[in-house]
Structures are given as C-alpha cells and as structure tokens.
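Reviewing the structure listed below.
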Amino acid sequence: MSDDRYSPNSSPWRDVSFEEATRLAIDGAAPRFLASPLTPEEVAATLSSAAAEGLAVCPRGAGTKMSLGNRPSRYDLVLETSGLTSVSEYRPDDLVSVALAGTPLAAAQALFAEYGQWLALDPPFAATTTLGGVLACNQSGPHRLRYGTARDLVLGMRVAYPDGTLARSGAKVVKSVAGYDLHKMHVGALGTLGVIVEVALRLHPLPEERRILACVAPAGPPAWSALAAAVGGLLRLPLALGALEAVNREAARKLAAEGCEIPEGNLLLVLCEGHPRVVGRQADEVGKAAAAASLGVEEIAAGDGAARLIAALAESRTPRGTDDTVLKLSVPPGDTLAALAELEGALPGASLYAHAGSGVVHALPRLIAEDLPALVARLRARARSRHGHLVIQHCPSGAKSGVDVWGPVSAPRLVRDLKAALDPTAVLNPGRFVEGL
Amino acid sequence: MGNDGEPPVVARFRALASELAAIVGPDRVLSDSYSLSLYSYDGGADAAPADLVVIPEDGAQLALVMAAVGRAGAALVPRGGGTGLAGAVIPCEGGVTISFARLRRIISVQPEHLTARVEGGVVNLQLGRAVAPFGLQFAPDPSSQAASTIGGNMAMNAGGPHTLAYGVTANHILGMRLFLADGEAVELGGLAPDAPGYDLTSLVVGSEGTMGVAAEIQVRLIPRPEAVRTMVAMFAGIEQCAGCVGAIIQSGVIPAALEMMDNNTIRAIEAATHAGYPVEAAAVLLIELEGILEAVETGLESVIQTCATAGAIELKVARSDSERAGLWKARKEAGGAMGRLAPNYYVMDGVVPRNTLPQVLAAVERIAAEHELKVATLLHAGDGNIHPALLFDSDEPDAIDRVRAAGAEILQVCLDYGGSITGEHGIGVEKLDVVRRMFSDDDLAIMLRVRDVFDPHRRCNPGKLFPTPGRCIELHGRSLIEAHW
C-alpha cells in the first residue's frame, strides 16, 4: 500500500464500488466514499478533510453492529479502522495492554491467553468484533457480573476528533486521576464524539477452572420468583461468581438447537470460576441457594465446555437475520428477573436472556415490524416505572422510521451540548445516536 | 446597591451574603476573616480564603443556595471533609465555599440492588457503618476515610489500599444529582445500568468539582468478605521487594491490598505504633487477601510461594484480628509518623507500571540523594501508586527549593516509565505546573471544551485541574507542611 495517498495532492478516501456500497450500507443508506487510514494521524487527517468538505462519516470496525442506532440522517464516507491493528504494548507483569482500535478482540485475547490473561469482556460477535467497536458500542457479556463493563476496564484512550485533533485521556497504568476521564465518555458514544484510535486496557488473570451449574425452575408462574430468590441470595455473598445468567424456555430451546448441552425449561445458569477450591465452594453455595428456593440444580458444563456455553450466551443476544428484533431492557439489578417475567407476559414466544445479577434483559421477540413502535412505547413506559431503559439493539431497517431506538435520556441538554462542543457540524454518525444526534 | 466607596466586588458578596442568610440563617453564612481562614486550606500545602462560606442544612437549602450563587455569577467551591492533599477545595479565586458539613444524610440503602443513595457530605466511614448491618460495604477506603466525604471521594476519584481488588471510586458510583453552576439540577446515571446517551456520570467522577456540585450520590455496594488474612513479607533489598510486586500481579492472585514500605517508613511507624514491623528489613510488603475462606487460603498459599521465590527473608501472617488491625493502623498512620524522621516532609503521589517498580524506586533514591534529601517511601504497590515522602527541615537554606526540584524530577521519572503524575490525590492546584508534562495542549483543549459544556463561565471550582497562568493566587505562600495520606 503506498503512503502517498495522504500526500497533499491525494485524497484520503476513494469512491466505493457498487458491491462495496451494498456491503457498507447502514439501514439502506449507502456511502459514496471509503477511507482506510493506517495510523491514528491519518484518521485525524481524514476526519478534518471530511469535515471541511461537509461529509458525514461513519466509523466502522468489523461492521458487526452497524445496525445499532437510528437510521443515519446523512452518510457519505465510511471510515474503516481495519488498518489500525496492532497490540502496541503488552506488559503481562502489569496486567496492562495498549492496542490500536481496529485490533480484533479475538486476536488480542489470543495474545493475552498465552500469558494466562484476558480482557474481561465477553461481548457478542467475539470472533470478529474489534476493540474499538466493543468500546464505542459499550458491549458486554455474562462476565460483567464480576468485572463490570468497558468503562471499568478502559484506562486511557487516544481519540481523533472532527477538527483533526488527536487527543489522549487517562493513562497506561491501572490508576490515574490526572485530567478528565474522557475515555469513559467515549464508551458507548457510538463514535459520535470522536473516533477511538487507541485504547489502554486493564487485564485480568484467566481462571484456573470453570464450571456451570443450572437451576431449573418449576413450571408455572412462580418460576421466576424462585429463581430470583436464588439470585438474591447469591448476590449477597462475596463469592466472586463469574456470571449469573437466566434464560427462558424458548431461549434454552434455541441454545440446545445450536448444540449447547443445557436442560429444558426456565433456567438460571451460574458460572463458578477460579481456583478449584474456590469453585468447589461456589458450587456448594449455589446448591444451598437452589435448595432454599426449592430448585433442582445440576452441573451442565466444565472447562472449555463452560467457556463455550458462556460465549454462546453472549452470542445468543444477536440477531440471526436482518428481520430479527433485539430489545435490551435495563432495570435495577434486584428487579432483573421480575422484569424478565413481565417481558414474558408482554412478548409471548420471545427468547429472553438476562444478566441476572446486573439488571439487563435481552429479548428476541416474534413480531411484525408494524407492531414495533406501539410495543416499544408500552415497554418503555413499564421500564421507566422501574427506573429503567429500553433500547432497540437491532430491528428491521424499515421499522426504524417510526421509533427512536434509544428512548429518552437524562440531562438531554448536556448531551446535546456535548455533541455540539466536540462535533459541531455533526460529521460523525449523524442521526444515529440519542436525541437525533 | 452597596455602600459609598465600597469596591463593587465586596458589594456583590454583601448582597449575596444577605440572600444566603435568608436561606440558611445568618449563623450559617461566614464572612469574618477568622472563619474564612479556617476554610482556606485542605490537607495540602496551599491556602486561599473564600469571600463567603455557606453551610446549607439540607438538599432544599442547597438548591436555593446554588440558585442564588448562580444568579450572582460567583465562583463556587464545594467542600467536603477538607482532607484532600492537592488543594482542590482551596478557593483560590475567591467566591463562595459551600460546606457539605450538614449534608450528611443517608437517603436510602437498597440491599436488593446493592446500592445506597447519600448526600454528598456523608463521611466514607459513616456510610460503611450504615451498610455493614446489611452485610455490605462501600469499597473505596482512602486513608482519610474517617473524615473524607463521599462527595469528595467522588469528585477526586479517591483511591485507598483496597482499590487493588475492587477498583477506585469511579467503579463504585452509579449516578448523582448534580447542580450546575447556574443552579440547574440534573440527574445522571441511576439504579439501572447502561442508560442510553453519553456516560456523564463517569465524566463527572474525578473532575475535581469543575463540572458542578453533587448533591446526592448513588453508590454501588459490594458484599463484605467472610474471611480476611494479612501478612507481612520482609526483604533484605528494596529491589527484591519491588520485584516481588510484579511477580504477585502476574501470578494470577489479586490481593485485596498490596502495600510496600521502605526502611525509613518502617522505622517511623514502628517508633510511633510498635505494631510489629521489622525495623531491620530494607523493605516490607503488607499483603491482605479477602473474600470467601477458600479464596483467601489458596491466595495466601500462592502469595507465600511467590514471596519466597522472590527472596523474602521472613514471612509473618497475622495470627489474630488485633494483630492484623495493628498492622493496618500503623500503615494508615504512617503519615503522622513521618514527623519523627524530619521536621517537615512532602508526600508525593505518582503511578508507574508495576513491573517497573524496582527501577523507579532506585531512581527516587538517586534523585533524593542528589538533592541532599532523605526519602521515606510508601506505595500502594499493587496499583503501582508510589508515595515517596521527601524529608527536610524548612529552616535549612534552599530546603524547599530542593524538595520542589526533586519532586519535579520524580514525577518526570513516573512519566518516563509510562505512568501518571497522580494516582489518587488529584491535580488540584498542587500539580497545575506539571499537567502539561502529561497532557498536550490539544488534550487539554478537548477537556476544556467538555468542561465548558457543564460550566461555560468556569465558575465551578475555578483555578483547578487546568493550568491557567496568571489567574490564581500566589501559591506555595505557606511552607510545605506535614500531610498525611
């Protein structure tokens, strides 16, 4: 690849082919230009050129979550981060790594695993997604119970802004209180304030042993309250469980159909992990909590099998086709299973997956697109009464015209002003984020 | 308004004082020079007086105070326990100090959601006691926790020895009610995770009060451990001791706390407390493991093995709760004990990658020697957070200049090794002149744009965090004095 693409006389982008335009379309909108910068500096230069020419830019990593967000109001240039792939620093004896944003998560994890470590995020699309994509979309998975979410694991960042500024925040060490933590602001901002080009990450040791226990709920309406009692008991102990996942009968059936060995029914899946003696104790406590709630319990996976099931649980929250809808409900943690039970009533036949200790439920409902706006309005009102939120993670493109996929935000004026301060001409992902930003 | 001949600025505060007195009562608005001097400093070295100090009684009064201060367009400085070490609550541009002394209600504890909501003036230890009956704890434990407030912990993103396993304050704040400078209140974050929109909560945590004033804070609670074991590992060389830190980190065990002390520090705290630290050791590690019993036992076995391999000459596990408490009491009072080593000392705060501790500590010793200073070093070693105390006698010629020069060089070493100029004390006013060594003008310009979204007239805690030459008071007017950490 020649470097003169970025000489003053050459354009930082090129026209897209017809095939590329189809592949890179977002909700039916196709870009005209494609840029594939190879360095953070080139990202910044591309953004400032685009801003100068009034082009709307959508950053893209592996392209696994391009359907997240509202339909773009403008879309001219796709900025691929696939040229920004390297783990530039890795210090196993400091549990810290620095990597460019286009680095595939799987490649980084493979490197860390050689030293018995990992980035404690297990988001969906784990096989292909990039670090930048995981952070920009604030993706998490079952392990968020133990390790928190991206904001808890990102130590610092370099970000390219639409005016061509390349700026850092945070540090490359596990503790720093110097300056504003702008890197946490960019987590979940969908690239609407700047393009993440480099990240410093806190790592964790991989557990020695993993086992998954399943509690099967009795049939009938009290099912979820029995599981909720078990979850409540486990959360109050300092067990450091890896994950507490709940799935309904429909979701369990789908997981089984995809090759996971799990029982039928409404299930609570508990990931015990750590030193073998710790895992033994965790399993004992799960047994006690299950017994107290009159639930049966059995071990269904261990070792690599357990890791595969956890990955499958993360992956199961993704759409299987463009017509699928994925809703994400968040509520106060203690209400997770009550909210799940309520969704089951509102969405007959839906597959439901909960991070049962964290207040997050994903629903893959069966519905026709025309019903979505009314349904979302109803669910959002319920969510709000629980101090929660409902976000459409994915839905058919055609359904987006009648609904805001994000819903209302707190402090809307600050949200709008923040966008105006950092991206005043709305170069980045216009229309896709909250408040029509 | 205003009396004849009175400067306009004084007249403005006179009018504001009357307005505030009508809200909180005349005895809760302080403007005499004695009171103002009492509120002019924190645990650090600098001082400057406010024009007014106001002490609201509750959230309703705070809202009215914020609105009045906003209408007056005055600078405002929220003040919690005043235990900070970087001067972040010093009203260096005057204005109104808002004391949180009375805003100390625990509004709700919701054990089922592992959270509590508190007023900003609730003291860290007070919160800990309130949630203990539920089997829960608030994890951040700065050494100032008996006096520092949750609002202050939030604003400074406070650390503490036990942040190694549980994370710093930022990891434990779920949301807040924030007053902006104009008196508008906004709710950020909340009980449910992953709210759509920008994560403004995370932005405000650690912003040193420059974005607004947090009236109420929603904190995350975690279960209390069922078992705790504490041990001391002694080393004949400081380098071996520092090297052991990286070895423990890489071993896969995450202690709850991993503290290191050099010989000068050990001697000082033993003289003060007789807790049982070995005065002959060149350096020691204070290691604590907590959690379920099995995690503590297996972790302890692993750490003992790692320490032995790293060359520890002796390992001592605390046999009783009182022995354990003694070790920690001595550690947390190390600041005061430093006074036994020299008439004055200056505690620094920097962070380096944990695998570079041996080289960094050697450099600290070298720099101190070059400036003819003694140094006593104490580290949150597990986080790579170093606290060298430069020991001096302010009566000696050039002593303060030598301390400043050595301090600047030590922070440069932290940066050269890829670290940070502050791990938990903050920038405040203390480190304004070194911020630019860590962040470029571009970095700071972006941060200022974000600040201006929250506080366009820069009235919230002005003069902090961002270097603004020529604006602030003559700092360092007071001599460097002893400070704890």
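Note that the protein sequences, when read in sequence, are chains A and B. Numbered per the numbering used here, the first sequence finishes at 437, counting up by one with no gaps. Numbered per the numbering used here, the second sequence finishes at 1485, counting up by one with no gaps. Backbone N, C-alpha and C define an ideal beta-carbon position, used for all residues, glycine too. These numbers come from a predicted model, not from an experiment.
6 Å CB neighbourhood of residue i in its chain, flanking five on each side removed
i         : result
ALA381/A  : none
THR336/A  : ALA354, ALA356 and GLY359
ARG168/A  : ARG158
GLY1246/B : ARG1354 and ASN1355
GLY1470/B : The predicted position of GLY1470/B is uncertain, since its pLDDT is 46 and thus under 50; no value can be drawn from it.
Among the options, nearest to residue i - alpha-carbon criterion
i         : options                                       : result
LEU121/A  : LEU135/A, LEU68/A, LEU111/A and GLU114/A      : LEU135/A
ALA346/A  : PRO333/A, GLY334/A and ARG366/A               : ARG366/A
GLY1152/B : GLY1384/B, ILE1090/B, ALA1063/B and VAL1053/B : ILE1090/B
VAL1284/B : MET1260/B, GLY1073/B and GLY1299/B            : MET1260/B
ALA1147/B : ASP1042/B, ILE1400/B, ALA1022/B and VAL1450/B : ASP1042/B
HIS1189/B : SER397/A, LEU437/A, LEU203/A and HIS387/A     : The sequence shown places Gly at residue 1189/B, not His. Measuring from the Cα of GLY1189/B, the nearest candidate turns out to be HIS387/A.
ALA101/A  : GLY83/A, PRO12/A and ARG71/A                  : GLY83/A
MET1234/B : ALA1257/B, GLN1145/B and ILE1266/B            : ILE1266/B
Alpha-carbon spacing of residue i relative to residue j, whole angstroms
i         : j         : result
LEU1286/B : THR64/A   : 46 Å
SER1420/B : SER1031/B : 39 Å
ILE26/A   : SER67/A   : 6 Å
ALA1272/B : ALA1334/B : 9 Å
ASN1003/B : ALA1011/B : Model confidence at ASN1003/B stands at a pLDDT of 46, short of 50, so the residue's coordinates are unreliable; what they give is reported in the following sentence. Roughly 7 Å between the two C-alpha positions.
ARG1071/B : THR425/A  : 32 Å
CYS1460/B : ARG1079/B : 12 Å
LEU1203/B : HIS1274/B : 43 Å
ASP76/A   : ALA1185/B : 39 Å
LEU375/A  : THR325/A  : 12 Å
VAL231/A  : VAL331/A  : 15 Å
LEU1411/B : GLY1299/B : 33 Å
GLY1423/B : ASP94/A   : 15 Å
LEU213/A  : ALA223/A  : 17 Å
ALA1060/B : ALA1310/B : 58 Å
GLY402/A  : GLY188/A  : 23 Å
GLY1428/B : GLY1087/B : 5 Å
ALA1227/B : SER1033/B : 51 Å
PRO123/A  : ASN138/A  : 9 Å
LEU309/A  : ALA1330/B : 48 Å
MET1348/B : PRO373/A  : 57 Å
TRP1485/B : ASP423/A  : In this prediction, TRP1485/B has a pLDDT of 33, which is less than 50 and means its spatial position is unreliable; what the coordinates show is noted afterwards. Roughly 40 Å separates the two Cα atoms.
ALA1165/B : ALA1257/B : 7 Å
TYR1346/B : PHE1100/B : 28 Å
ARG14/A   : SER397/A  : 27 Å
Contact set for residue i: own chain, Cβ-Cβ below 7 Å, skip 5 residues either direction
i         : result
PRO218/A  : ALA226
LEU241/A  : LEU145, ARG146, LEU234, VAL270, LEU271, CYS272 and GLN282
ALA1368/B : LYS1374, VAL1375, LEU1390 and ALA1406
MET1066/B : PHE1179, GLY1183 and VAL1213
LEU111/A  : VAL87 and TYR90
PRO412/A  : GLU435
GLY1206/B : MET1156, ASN1157 and ALA1170
GLN109/A  : TRP118 and LEU119
THR1210/B : ARG1451, ASP1455, CYS1460, ASN1461, LYS1464 and LEU1465
Cβ neighbours of residue i in the same chain (closer than 8 Å, five flanking residues each side left out)
i        : result
VAL427/A : LEU47, ALA50, ALA51, LEU55, ALA56, VAL57 and PRO162
ASP417/A : none
With 8 Å as the C-beta to C-beta threshold (strictly closer), list the residues of the region 167–183 of chain A near chain B in chain order. ALA167, ARG168, SER169, ALA171, LYS172, VAL173, VAL174, LYS175, SER176, VAL177, ALA178, GLY179, TYR180, ASP181 and LEU182
Anything in the region 195–206 of chain A with a Cβ closer than 7 Å to a Cβ of chain B? List those residues in chain order, please. PRO205
Unbroken stretches of the alpha helix (DSSP H), 4 residues or longer, contained in the region 1035–1122 of chain B: 1059–1072
Considering only residues of the region 161–209 of chain A, which uninterrupted beta strand (DSSP E) runs meet the minimum length of 3 residues and lie entirely inside it, listed in chain order? Look at the region 161–209 of chain A and you find these whole runs of beta strand (DSSP E), each 3 residues long or longer: 166–170 and 195–202.
At 3 residues or longer, and completely inside the region 262–288 of chain A: list those beta strand (DSSP E) runs for me, N to C. 267–274
Taking only beta carbons into account, state which residues of the region 1192–1205 of chain B come closer than 8 Å to chain A, listed in chain order. ALA1192, PRO1193, ASP1194, ALA1195, PRO1196, GLY1197, TYR1198, ASP1199, LEU1200, SER1202, LEU1203 and VAL1205
With 7 Å as the C-beta to C-beta threshold (strictly closer), list the residues of the region 1414–1433 of chain B near chain A in chain order. GLY1418, GLY1419, SER1420, ILE1421, THR1422, GLY1423, GLU1424, GLY1426 and ILE1427
Give, in chain order, every unbroken run of the beta strand (DSSP E) that is at least 3 residues long and sits entirely within the region 1395–1466 of chain B. none
Can you list, in chain order, the stretches of the beta strand (DSSP E) that have 3 or more residues and sit fully within the region 1228–1274 of chain B? 1257–1262
Along the chain, which unbroken stretches of the beta strand (DSSP E) at least 3 residues long are found entirely within the region 87–144 of chain A? The qualifying runs are 87–91 and 96–100.
By the 7 Å beta-carbon criterion, what residues does the region 1335–1361 of chain B contribute toward chain A? VAL1351, VAL1352, PRO1353, ARG1354 and ASN1355
Can you give me, in chain order, the residues of the region 386–411 of chain A that have a beta carbon less than 7 Å from any beta carbon in chain B? HIS387, GLY388, HIS389, VAL391, TRP406, GLY407, VAL409, SER410 and ALA411
May I ask you to list, following chain order, the residues of the region 1024–1045 of chain B that have a beta carbon less than 8 Å from some beta carbon of chain A? From the region 1024–1045 of chain B, no residue has a Cβ closer than 8 Å to chain A.
Using Cβ-Cβ distances below 9 Å, what residues of the region 65–94 of chain A are close to chain B? GLU89, ARG91, PRO92, ASP93 and ASP94
Along the region 328–358 of chain A, what residues have a CB closer than 7 Å to any CB found in chain B? Cβ contacts with chain B: SER330, VAL331, PRO332, PRO333, GLY334 and SER358.
Which residues, taken in chain order from the region 22–44 of chain A, show a beta carbon closer than 8 Å to some beta carbon of chain B? none
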